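S.K.:
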Amino acid sequence: MSTVPKSAPEPTLSDVAALAGVSRAIASRALSAQPRPVSADKRERVMRAAETLGFRPNSLARGLANKSVNLVAILVNHIHDLSDLDLFDLLLTEIQAIGKQVIFIRVGAGEDAERFLRDGVAYHVDAALVFADFADAATMRTMFRNNAVLMLNGHHDAGAASVTMDEAKGIGEAVADAAAKGVRSAMLLTGRMMSLVEQARVASYRAALQAHGIELLAELAGDYSYASGRQLARQIDVDTTGAVFCTSDAMAMGVLDAHRQHFPDHRPARFRLYGFDNISLTQFDAYPISSIGADRKEYVAQIVRILNDPAGLASGGGHVLVATRYVPRLTG
């Protein structure tokens with residue numbers, strides 16, 4: 096009777112350490128995705144030994160030993176805004192740089208979001224980063240059975256850390272720019288007004304316009320998208336409107352395309368146009384839109400700094416404000 100030959104045992108961390116001539120602890124540090132103190136010479140020996148033996152670190156086992164899974168949940172309503180792409184590409188890069196991976200959880204909006212948050216079954220993660228409009232920290236802690244919740248949606252829940260953009264500063268600068276150029280009337284194109292972030296953003300525009308004596312002719316609600324900006328652009332009276340402020344760059348792009356005839360060489364002939372988010376596309380020739388935004392690297396750095404302090408995050412490690420600024424371009 097034939098027998099199936101036994102496969103060779105998988106190489107272990109101890110095997111790697113022995114071949115490299117270092118302790119098991121040093122081998123572990125050298126192979127960790129997180130920055131840990133180990134000399135370049137020893138790290139090179141360990142990496143060479145691991146390659147020789149065909150050793151692959153067992154992330155699950157390491158996570159169990161450290162009581163972590165190196166997994167971070169990011170909760171969003173959806174991902175379709177152009178600003179989302181700029182932000183999340185950078186955020187994923189920086190989270191992976193500290194040895195963690197990301198899962199996105201899309202909760203939708205309105206009743207769908209509320210139902211998901213009420214009935215959703217969450218993953219076992221080290222932390223949850225909450226961008227979704229409707230989520231509160233207490234619900235997140237219950238869903239994930241974890242106190243490590245970072246609020247990024249404008250909710251300042253007691254006991255939960257948060258990072259928020261100080262949007263009033265950049266908005267004030269943009270409105271001041273319009274006033275200095277003789278603007279006396281304006282329209283405001285907004286996104287989802289159920290969002291606490293959007294409510295605060297709109298309130299900042301109203302206050303700045305009033306402070307500079309600019310009449311707010313109308314507020315038109317959209318959904319941050321290019322399509323909604325292009326559709327709302329039909330309601331702009333170019334003869335009475337001195338400036339159009341959009342609460343997203345994507346909406347401003349839709350307005351610009353709908354009124355290209357009023358922007359010869361991208362410069363305003365009938366009304367000035369201002370966006371929000373300072374997305375990467377506004378740096379290209381096709382959409383040189385004056386905008387408002389925070390330094391994304393600083394924003395992401397603050398998120399990762401808090402994420403990298405599990406004890407502080409779990410205990411509600413404070414509230415951080417990241418300043419925004421006005422970025423002038425041709426349409427302003």
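Read in order, the letters of the sequence shown correspond to residues 96 to 427 in the numbering used here.
All C-beta atoms, glycine included, are put in the ideal place defined by N, C-alpha and C.
Computed from a prediction, not measured in an experiment: that's the story for all the values here.
Determine, for P104, whether the minimum Cβ-Cβ distance to residues of chain D falls below 8 Å.
M.R.: The chain inventory of the structure shown lacks chain D, comprising one protein chain alone.
S.K.: With a cut-off of 8 Å, do at least 3 Cβ pairs link the segment 258-274 to the segment 405-417?
M.R.: yes
S.K.: For the alpha helix (DSSP H) holding R119, just list the boundary residues, first then last.
M.R.: R119 to L126
S.K.: What does the alpha-carbon distance come out to for the pair G324 and M288?
M.R.: Those two C-alpha atoms are separated by around 15 Å.
S.K.: Using alpha carbons as the reference points, say which of A135, V111, D179 and L182 lies closest to T147.
M.R.: Relative to T147, the option among A135, V111, D179 and L182 whose CA is nearest is V111.
S.K.: What residue does the alpha helix (DSSP H) around G308 start on, and which one ends it?
M.R.: For G308, no alpha helix (DSSP H) segment is defined, and its DSSP state is neither H nor E.
S.K.: Rounded to whole angstroms, what is the Cα-Cα separation between G158 and G194?
M.R.: At G158, the pLDDT of 49 sits below 50, so the modelled position is not reliable; the number obtained from the coordinates is stated separately. For G158 and G194, the distance between alpha carbons rounds to 11 Å.
S.K.: Which residues in the same chain have their Cβ closer than 8 Å to the Cβ of F226, if we skip the five residues on either side of it in sequence?
M.R.: I169, L170, V171, N172, L247 and N248
S.K.: Between which residues of its own chain and A233 is the CB-CB distance below 7 Å, once the five residues before and five after are set aside?
M.R.: Taking A233 as the centre and dropping the five residues before and after it, the same chain places the C-beta of D252 closer than 7 Å to its C-beta, in chain order.
S.K.: In whole angstroms, what separates the C-alpha of N373 from that of V422?
M.R.: 7 Å
S.K.: Can you name the start and end residues of the alpha helix (DSSP H) that I401 belongs to?
M.R.: R391 to L402
S.K.: Would E314 pass as a contact of T285 if the rule is Cβ separation under 8 Å?
M.R.: yes
S.K.: Among G149, V270, E105 and R355, which residue has its Cα nearest to the Cα of A306?
M.R.: Nearest of G149, V270, E105 and R355 to A306, Cα basis: V270.
S.K.: Could you tell me the distance, in whole angstroms, from the CA atom of N403 to the CA atom of H361?
M.R.: 44 Å
S.K.: In terms of alpha-carbon separation, which member of R420, A328 and R151 lies closest to F371?
M.R.: R420
S.K.: Exposed or buried, which one is P363 when buried takes at least 16 other CB atoms within 10 Å?
M.R.: The residue is buried, with at least 16 neighbouring Cβ atoms inside 10 Å.
S.K.: Run the CB neighbour count on G337, radius 10 Å, all protein chains shown included, and call it buried at 16 or more, exposed below.
M.R.: buried
S.K.: Hey, Y369 and G308: beta-carbon distance below 8 Å or not?
M.R.: no
S.K.: What are the boundary residues of the beta strand (DSSP E) that includes L284?
M.R.: S280 to T285
S.K.: Among A255, D352, L126 and L283, which has the Cα closest to the Cα of T342?
M.R.: L283
S.K.: Taking Cβ to Cβ, would you say A222 is nearer than 8 Å to L245?
M.R.: By the CB criterion at 8 Å, A222 and L245 fall inside the cutoff.
S.K.: Which of the three DSSP states is assigned to M96 in this structure?
M.R.: Because the pLDDT of M96 is 46, which lies under 50, any placement of that residue in the model is unreliable, and the question is left without a value.
S.K.: Apart from the five residues just before and just after G265, which ones in its own chain have a Cβ nearer than 6 Å to its Cβ?
M.R.: I387, T419, R420 and Y421
S.K.: When DSSP labels each residue in this structure, what does A381 get in the three-state scheme?
M.R.: coil
S.K.: Could you tell me the distance, in whole angstroms, from the CA atom of F366 to the CA atom of S280?
M.R.: Answer to the nearest angstrom: the Cα atoms are 10 Å apart.
S.K.: Can you give me the C-alpha to C-alpha distance between T335 and P383, rounded to a whole angstrom?
M.R.: 23 Å
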